[in-house]
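Asks: Numbering (the working numbering), first residue to last: 19 to 216.
1) Between residue 161 and the rest of its own chain, which residues show a CB-CB distance below 6 Å, the 5 nearest in sequence each way excluded?
2) Tell me which residue opens and which closes the alpha helix (DSSP H) that residue 63 is part of.
3) With a threshold of 16 other CB atoms inside 10 Å of the CB of residue 145, please say whether the residue is buried or exposed.
4) Residue 207 lies in the alpha helix (DSSP H); which residues open and close that run?
5) Starting from the N-terminal side, write out each stretch of the alpha helix (DSSP H) that is 4 residues or longer and does not extend beyond the segment 121-156.
6) Taking buried to mean at least 16 other C-beta atoms within 10 Å of its own C-beta, is residue 85 buried or exposed?
7) Under the rule that 16 or more other beta-carbon atoms within 10 Å means buried, what is residue 129, buried or exposed?
8) Determine the DSSP secondary structure at residue 23, reduced to helix, strand or coil.
9) Are there three or more Cβ pairs, one per stretch, closer than 8 Å when the segment 48-61 is compared with the segment 113-128?
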């Protein structure tokens, strides 16, 4: 197996970068991203990353997470690219996060549907990368915090039109420390699977 070396991807497309980043330890992933970004203008880099982050395949949530992390390193000159995807179901949420982190004006409020879609997508990406015990503990805390902040979360979440909805809800049922909430998550996962098979 070829071990990635930092700098190998600087002349490759964003699709290659996003597929490879999960194989890098975190500090090397950031270094690789910085070298990749240095070879492009911020606007071109952002457009390429956003285009490569799209998709409904099972690796897409992780690509979007890695795109978001790489975009966090991009200069504010990329603003136009992020504004171009504000209405995009898959990218609008992460675009709003990027704009808000830079305190840029004129960020439209996301719809409830977009908020729940982004939540499911983010959890799907976290589940994909949560192998170590420490990551699972963080994920458990995230799941618990999410359901404490949003009463009726599971009643809305099972309706989210995302390919990973049922898998995310099942995982939430396994991870949630509260038995009642865990049961609600499993019921919601069942509803989501039934909805997907219709």
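The beta carbon of each residue, even a glycine, is placed where N, CA and C say it ideally should be. Since the structure is predicted, the reported quantities are computational estimates derived from the model, not experimental observations.
Replies: In brief:
1) When the five nearest sequence neighbours on each side are left out, the beta carbons in the same chain lying within less than 6 Å of the beta carbon of residue 161 are those of 190, 193 and 194, in order along the chain.
2) 60-71 is the extent of the alpha helix (DSSP H) around residue 63.
3) Classification for residue 145: buried.
4) Residues 197-215.
5) Listed in chain order, the complete alpha helix (DSSP H) runs (minimum 4 residues) inside the segment 121-156 are 130-147.
6) By the 10 Å Cβ count, residue 85 comes out buried.
7) Here residue 129 is exposed: its Cβ has fewer than 16 other Cβ atoms, across all protein chains shown, within 10 Å.
8) Coil at residue 23, not helix or strand.
9) Between the segment 48-61 and the segment 113-128, the count of Cβ pairs shorter than 8 Å is below three; the stretches do not touch.
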